[in-house]
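In this text, residue positions in the sequence shown follow UniProt numbering: the first is 1, and each later residue adds one. Every residue, glycine too, gets a C-beta built ideally from N, C-alpha and C. Just so it is clear, the structure is predicted and the values come from calculations on it, not from any experiment. Encoded as structure tokens, the structure appears first; notes follow it.
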Amino acid sequence: MTTLSRVASRTVSYVTLIVIAIVGIFPIAYLFLLSTKRRIDIGDVPPSLKIEWSVVVENYKEVLFERSYVSSTINTLIITSVVVILSLLIGTPAAYTLSRLKIKGSERISTTILSLRFMPPVAVAVPILLSMRFLHVANTRIGLIIPYVAFSLPLVIWILIGFFDEIPTEIDEAAEIDGANKWRTLLQVLLPLVRPGIVVAGIFAAIFIWNEFLIGMYVIDSEALKTVPIADAGLISAQRPIDWNVAATVGVVTLIPLLIGSMAIQKHIVQGITAGAVK
1 MTTLSRVASR
11 TVSYVTLIVI
21 AIVGIFPIAY
31 LFLLSTKRRI
41 DIGDVPPSLK
51 IEWSVVVENY
61 KEVLFERSYV
71 SSTINTLIIT
81 SVVVILSLLI
91 GTPAAYTLSR
101 LKIKGSERIS
111 TTILSLRFMP
121 PVAVAVPILL
131 SMRFLHVANT
141 RIGLIIPYVA
151 FSLPLVIWIL
161 IGFFDEIPTE
171 IDEAAEIDGA
181 NKWRTLLQVL
191 LPLVRPGIVV
201 AGIFAAIFIW
211 NEFLIGMYVI
221 DSEALKTVPI
231 ADAGLISAQR
241 PIDWNVAATV
251 GVVTLIPLLI
261 GSMAIQKHIV
271 QGITAGAVK
């Protein structure tokens, strides 16, 4: 490749990355800008880049202390944590079983499991509500945790099956020679090797739960138990004017835990995705 070709190729790459970065960052930057405005200033075109800190404090104070955002965030964190833990506790042994024990038709089973993940929530929202009422857990956190685990498990299992499949079976055989049973082999030998896959599966499950709206809207009625997406939707009502500045502020505050979490575990995310690509 000539020097000119290399320069052209690098330029195209940089331009493409810059465009992708702008497309990804612009909505977040615009959301933050709207969160610094008064309701009357939202419609200004183009929007003013001047930030009045008194307005910023007022908007964020209303969201954090006068709205139900704090309680909805706590509910979402509790539900997300419980669902991710349960999904991994159930999904990891299930993926190990389907990968290692070579049950007849295991490939079909794994494909079927993944297909369940793509079932639209709107198709099962009413049956889920009726089931939760039958179990007397509607309008409770448990009533959300049960269907969320059911929706998260297929993807968790499918991801982990791929990681278990790439580990040589000779490692299992060596552990068995040393006297380890299946559970000990899984817990002490294989789990450290599939840890990147566990992190990736947990992240995908957490993202789904944090953003899920429809099932939560059906199952939860109490204001004290609403999750963040349901509380956010409550800001938009046909019965009163919409405070778009407050809605934008809620959006910014909602993004903060996701951004902090992503930065904190970025290394593990890259390791998991890279491990899957290399394998």
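For residue i and residue j, what's the separation of their Cα atoms in angstroms?
| i | j | result |
| --- | --- | --- |
| Gly251 | Ala201 | 25 Å |
| Gly197 | Asn75 | 27 Å |
| Ile207 | Thr3 | 44 Å |
| Val137 | Thr249 | 32 Å |
| Ala277 | Ser87 | Caution is warranted here: a pLDDT of 46 is assigned to Ala277, below 50, making its placement in the model unreliable, and the coordinate value is therefore given only provisionally. Approximately 23 Å, taken between the alpha carbons. |
| residue 327 | Ala125 | Residue 327 is absent from the structure shown; the chain starts at 1 and stops at 279. |
| Phe163 | Tyr69 | 38 Å |
| Ala174 | Pro192 | 16 Å |
| Ala29 | Leu77 | 25 Å |
| Phe134 | Val84 | 25 Å |
Relative to the C-alpha of residue i, which residue among the options is closest?
| i | options | result |
| --- | --- | --- |
| Phe151 | Pro121, Glu173, Ala138 | Pro121 |
| Ala95 | Ile79, Ile113, Val55 | Ile113 |
| Lys50 | Glu62, Leu34, Val15 | Leu34 |
| Lys182 | Ile25, Arg39, Ser99 | Ser99 |
| Val82 | Ile209, Val253, Ala233 | Ile209 |
| Thr92 | Leu187, Thr80, Ile145, Asp41 | Leu187 |
| Leu153 | Ile167, Thr140, Ile260, Phe204 | Phe204 |
| Asn211 | Ser222, Tyr218, Thr227 | Thr227 |
| Leu259 | Ile25, Ser9, Ala8 | Ile25 |
| Val55 | Val45, Pro46, Asp41 | Asp41 |
For residue i, does the count of other Cβ atoms within 10 angstroms reach 16, so buried, or fall short, so exposed?
| i | result |
| --- | --- |
| Val246 | buried |
| Leu155 | buried |
| Pro27 | exposed |
| Lys279 | Any answer about Lys279 is weak, because its pLDDT of 46 lies below 50 and its placement is not dependable; what the coordinates show is given next. Exposed is the call here. |
| Thr111 | exposed |
| Thr254 | buried |
How many whole angstroms separate the CB atoms of residue i and residue j, which I take to be in contact at a CB cut-off of 8 Å?
| i | j | result |
| --- | --- | --- |
| Ile215 | Ile128 | 6 Å |
| Tyr14 | Ile79 | Tyr14 to Ile79, Cβ: 42 Å. No contact. |
| Leu130 | Ile220 | With 8 Å as the limit, Leu130 and Ile220 do not qualify as a contact, their Cβ atoms being about 15 Å apart. |
List, from N- to C-terminal side, the alpha helix (DSSP H) runs of 4 residues or more that fit wholly inside the region 146-191.
169-177
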